[in-house]
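Report on the following structure.
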Amino acid sequence: MLLDKGADVNAQGKEYGNALQAASERGHDQVVRMLLDKGANVNAQGGEYGNALQAASSRGHDQVVWQRSASSVRKR
Numbered sequence: 001m002l003l004d005k006g007a008d009v010n011a012q013g014k015e016y017g018n019a020l021q022a023a024s025e026r027g028h029d030q031v032v033r034m035l036l037d038k039g040a041n042v043n044a045q046g047g048e049y050g051n052a053l054q055a056a057s058s059r060g061h062d063q064v065v066w067q068r069s070a071s072s073v074r075k076r
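In the UniProt record's numbering, the protein residues as written are 1 to 76.
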């Protein structure tokens, strides 16, 4: 996996902002979990939806929203 080779988990793109936002928007629970475990910034802004929570919510991906929220709480 690219992240294991040093790729930036929070690298910014265009339409989706970053990998976490893209995975959240598409409802890919396992990818979201893996990105969060690798240190993805749950509050990163950018892309069409603004952040990962908004991206997941816009498509009704409740499981992704829950994972993101739980991750945010654990980091406090």
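Yeah, the Cβ is synthetic: ideal placement off N, Cα and C, and Gly gets one too.
Query: Beta-bridge partners of G50, as assigned by DSSP; Result: G46
Query: Reduced DSSP category for E15 - H, G, I as helix; E, B as strand; rest coil; Result: coil
Query: As assigned by DSSP and simplified to three states, the class of R26; Result: helix
Query: Residue closest to L35, alpha-carbon to alpha-carbon, out of D62, G60, A11, H61; Result: A11
Query: Cβ neighbour criterion (16 or more within 10 Å) applied to S24; Result: buried
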